[in-house]
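Heads up: the sequence lines are chains V and W, in that order. Position 28, counted from 1, in the first sequence is what our numbering calls 28; the numbers after and before it change by one each time, with no gaps. Position 216, counted from 1, in the second sequence is what our numbering calls 542; the numbers after and before it change by one each time, with no gaps. Heads up: the structure comes next, in structure tokens.
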Amino acid sequence: MTTPLLEVDDLQTHFHLPHGTLRAVDGVSFTLDAGRTLGIVGESGSGKSVLARSIIGLLPMAQARRAGGRVLFAGRDLRQLSESQMRQVRGRQIAMIFQDPLTSLNPVMTVGRQIVQVLRQHTDLSTAAAKTRAVELLNEVGIPDPKQRAGEYAHRMSGGMRQRIVIAIALACNPRLLIADEPTTALDVTVQAQILDLLRRLQDRHAMALILITHNLGVVAEMCDDVAVMYAGRIVEQAPVGDILERPRMRYTHALLQSVPDIDTPSHARLPVIPGQPPNLIAPPVGCRFAPRCGFRQDRCEGEVPPQREAGAHHRFACFNPAPEH
Amino acid sequence: MAGSGTAHLQRDGALLSAQNLVRTYKAKGGRRVQALSDVSLDIVGGETLGVVGESGSGKSTLARAIMALPAPDSGAVAFDGADMLAARGAALRSLRHRMQMVFQDPLSSLNPAHRILDIVAMPLLVAGRGTAAERRQIVLETLGRVGLDGEQIGHRRPYELSGGQCQRVSIARALVLRPRLLVCDEPVSALDVSVQAQVLNLLEDTKAAFALTMLFISHDLGVVKSISDRVAVMYLGKLCEIAPTDSLYAAPRHPYTATLLASVPSLKPRRRTQQPQMPRGETPSPLDVPSGCRFRTRCPAATDRCAREEPQIRAIEGTPGHFVACHHPGSADVSSASAR
Chain V
1 MTTPLLEVDD LQTHFHLPHG TLRAVDGVSF TLDAGRTLGI VGESGSGKSV
51 LARSIIGLLP MAQARRAGGR VLFAGRDLRQ LSESQMRQVR GRQIAMIFQD
101 PLTSLNPVMT VGRQIVQVLR QHTDLSTAAA KTRAVELLNE VGIPDPKQRA
151 GEYAHRMSGG MRQRIVIAIA LACNPRLLIA DEPTTALDVT VQAQILDLLR
201 RLQDRHAMAL ILITHNLGVV AEMCDDVAVM YAGRIVEQAP VGDILERPRM
251 RYTHALLQSV PDIDTPSHAR LPVIPGQPPN LIAPPVGCRF APRCGFRQDR
301 CEGEVPPQRE AGAHHRFACF NPAPEH
Chain W
327 MAGSGTAHLQ RDGALLSAQN LVRTYKAKGG RRVQALSDVS LDIVGGETLG
377 VVGESGSGKS TLARAIMALP APDSGAVAFD GADMLAARGA ALRSLRHRMQ
427 MVFQDPLSSL NPAHRILDIV AMPLLVAGRG TAAERRQIVL ETLGRVGLDG
477 EQIGHRRPYE LSGGQCQRVS IARALVLRPR LLVCDEPVSA LDVSVQAQVL
527 NLLEDTKAAF ALTMLFISHD LGVVKSISDR VAVMYLGKLC EIAPTDSLYA
577 APRHPYTATL LASVPSLKPR RRTQQPQMPR GETPSPLDVP SGCRFRTRCP
627 AATDRCAREE PQIRAIEGTP GHFVACHHPG SADVSSASAR
């Protein structure tokens, strides 16, 4: 067995707030092999973005605390690295792109200079060589007329074009892992299709692993090899994408998939709903966190945390009363 | 330009009929943006008409033009037998009471300083209906119909409720005047998937219970399919195609509709197995729209004629109710973007 590129083990990230401790990520474990795509799906507040930021050590608030666990990247525990060591990993080995491409870009610097800056920071290219490389990168991400575009500012570009620029910056140093947090959520559907296609092609060419964070199950179905479903700070089910979509076991995954109006669902079909709201993560339910909303809960679901169970080679889920296997 | 003409308008039975609506906004440097360019459509009593389009297609401008909020620059809107755009003062207000709106962001469309009971009672107060006790009665009953307990949450303020609950409050507020037409502008776009299904089901239920007619605007093709009887597709201020839902999704005739449908990620996993033809380019700036058909710059089927001549909307033979504004509509058996 080869060592995975990334191994996250019992990761916990908490926020110390005036009225209590918010357990945003509460004991998450998964592995990711080189070149693979892992989708992390969940609704707002499930902890998927905090998980991503915990991996690269960019936590959003001063109140955030690394409460435990390990993040092994190529054998090194990223949580033990100093900030200056971490800066060497970020950008060069792990890159991240965010939902809103405009706020990720510097408004007063041409996009070309932003790429040159990254290249100069992380490689020993000369300024002239970095400029040439920047134009190559813009060309690679499908920016028409890349030489001229390199001299322009982000505000002159469309949303799709900006996200291409952000991707070019992320790929500048050939990272081994790209973390994309809702990369297409702010884009129109035709542009989303283009950006997803671009990510797919670049990933193949650079043999890069990808963590794709999204609430859109369709995007997961199109893009991912494996999927982890998050609910209230925990991974409740993880499996290859086909298993998740066709044979979900955990009741939340099952219900979530049913409630999506897909373009292949007949019109006016009654959508099965999940009643209620996700729990408050300051005082989450003691047992299974989905239990209060679950139509299949048993007595012990409310008192005991369901352990991860195996269903086939790479399929794990946490449920006492799972959906039957078909 | 992609889609003018009125061939698709129904002769009778329309609760609302909008004809040749034009709405122009001023932009910097004396330039003008035509957000809505000669759009006509009608809504039959009792149906749900879905409107889909990407950003800048004019779908929200259309909703506002229909309600005269603000009125379009030109065109005509007939609602419930009255001329919406000629009406003034009390007559216009009374027409608007019969058409109510639900907005995208449930939190910002509710006054944060007001209690839920007062928010839902506001339309009744403005319309001068009933005594305080009668209004309270209607409000509590309507909140009950959207699945909220007014006694329990009525004294709270919007920020104390979840997004889904706020959207239920918005729907209750739209219903207290017992309107005939409900205009929903992206009502579930800000909600999580599990809550989105609750609100979609609620809209279907209230539509049946209150005998409503609905105009439902969304960028999400799955959501629009689930709720609509007919669907209109808009692009850059123009109507491209309008058809019964099943007909449109099974056999889109406008190359833009086909491109849109092919772009939606589906739950059927198809990574690396099937590469749909990629949509070309991005929507051009509304300040500088292409001549002729506005979609031609991205269209796989475009010819010289598309640059010269704006296609007029026309009926598709053999599929009743299906209309398209295209010189080279795809054939019925082609349902992908690769339409010739």
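Note that the Cβ used here is the ideal one computed from N, Cα and C, for glycine as well.
Query, Result
"State yes or no: is the C-beta of residue 318 of chain W within less than 8 Å of the C-beta of residue 584 of chain W?", "The requested residue 318 of chain W does not occur in the structure, where chain W is confined to residues 327 to 666."
"Helix or strand or just coil, what does DSSP make of residue 531 of chain W?", "helix"
"Give me, in chain order, the residues of the same chain whose beta-carbon lies closer than 7 Å to that of residue 137 of chain V; leave out the 5 immediate sequence neighbours on both sides.", "115, 168, 171, 172"
"Classify residue 392 of chain W as helix, strand or coil using the three-state DSSP reduction.", "helix"
"Just to confirm, is the Cβ distance from residue 13 of chain V to residue 67 of chain V under 8 Å?", "yes"
"With a CB to CB cut of under 6 Å and the five nearest residues on each side skipped, what residues in its chain are close to residue 296 of chain V?", "251, 321"
"From residue 333 of chain W to residue 641 of chain W, what does the alpha carbon distance come to, in whole angstroms?", "7 Å"
"Beta-carbon within less than 8 Å of residue 535 of chain W's beta-carbon, same chain only, minus the 5 sequence neighbours each way: which residues are those?", "471"
"Is there a Cβ from chain V that is less than 8 Å from the Cβ of residue 567 of chain W?", "no"
"For residue 654 of chain W, which residues in the same chain have their Cβ closer than 6 Å to its Cβ, ignoring the five residues on either side in sequence?", "627"
"Do the CB positions of residue 489 of chain W and residue 523 of chain W come within less than 8 Å of each other?", "no"
"Under 7 Å between beta-carbons, which chain V residues line up against residue 524 of chain W? List them in chain order, please.", "273"
"Can you find the residues in the same chain that come closer than 7 Å, C-beta to C-beta, to residue 550 of chain W, ignoring five residues on each side of it along the sequence?", "376, 378, 542, 544, 557"
"Can the beta-carbon of residue 365 of chain W be found closer than 8 Å to that of residue 564 of chain W?", "yes"
"Looking at chain V, is there any beta carbon in it that lies within less than 8 Å of the beta carbon of residue 564 of chain W?", "no"
"At the level of alpha carbons, what is the spacing between residue 598 of chain W and residue 521 of chain W?", "Because the pLDDT of residue 598 of chain W is 43, which lies under 50, any placement of that residue in the model is unreliable, and the question is left without a value."
"Give me the Cα-Cα distance between residue 406 of chain W and residue 508 of chain W, rounded to the nearest whole angstrom.", "13 Å"
"Please work out which residues of its chain come closer than 6 Å, Cβ to Cβ, to residue 236 of chain V, disregarding the five sequence neighbours upstream and downstream, and give them in chain order.", "229, 250, 252, 318"
"So the beta strand (DSSP E) residue 346 of chain W belongs to, where does it begin and stop?", "340–352"
"Quick check on the DSSP output: the alpha helix (DSSP H) that includes residue 501 of chain W runs from which residue to which?", "489–501"
"I want to verify the contact list: residues of chain V whose CB lies under 7 Å from the CB of residue 605 of chain W, in sequence order.", "190, 193, 194"
"For residue 177 of chain V, tell me which candidate among V:287, V:28, V:36, V:301 has the shortest Cα-Cα distance.", "V:36"
"What three-state label does DSSP hand residue 281 of chain V in the structure shown?", "coil"
"Taking a contact to mean a Cβ-Cβ separation below 8 Å, would you say residue 513 of chain W touches residue 423 of chain W in this structure?", "no"
"So which residues on chain V does residue 472 of chain W lean against when the C-beta distance must stay under 8 Å?", "The contacting residues do not exist; residue 472 of chain W stays about 14 Å from chain V at best."
"Is any beta-carbon of chain V found at less than 8 Å from that of residue 527 of chain W?", "yes"
"To the nearest angstrom, report how far apart residue 10 of chain V and residue 28 of chain V are at their CA atoms.", "5 Å"
"Starting from the beta carbon of residue 313 of chain V, find every residue of chain W whose beta carbon is closer than 7 Å, and list them in chain order.", "Within chain W, no residue comes near residue 313 of chain V; the closest Cβ sits about 17 Å away, beyond 7 Å."
"Run down chain V in chain order and give the residues with a C-beta less than 9 Å from the C-beta of residue 548 of chain W.", "218, 260, 261, 262, 263, 264, 265"
"Check distances from the C-beta atoms of the segment 418–441 of chain W to those of chain V and list, in chain order, the residues that come in under 9 Å.", "none"
"With which residues is residue 147 of chain V paired in a DSSP beta bridge?", "Residue 147 of chain V pairs with nothing; no bridge assigned."
"Quick check on DSSP: helix, strand or coil for residue 243 of chain V?", "helix"
"Figure out for me which residue from W:607, W:452, W:526 has the closest Cα to the Cα of residue 195 of chain V.", "W:607"
"Quick one: residues in its chain with C-beta nearer than 6 Å to the C-beta of residue 447 of chain W, no 5 flanking neighbours on either side, listed in chain order?", "461, 465"
"Applying a beta-carbon distance threshold of less than 8 Å, which residues of chain B neighbour residue 160 of chain V?", "No chain B appears in this structure, whose protein chains are V and W."
"Beta carbons nearer than 9 Å to chain V: which residues of the segment 620–653 of chain W have them?", "624"
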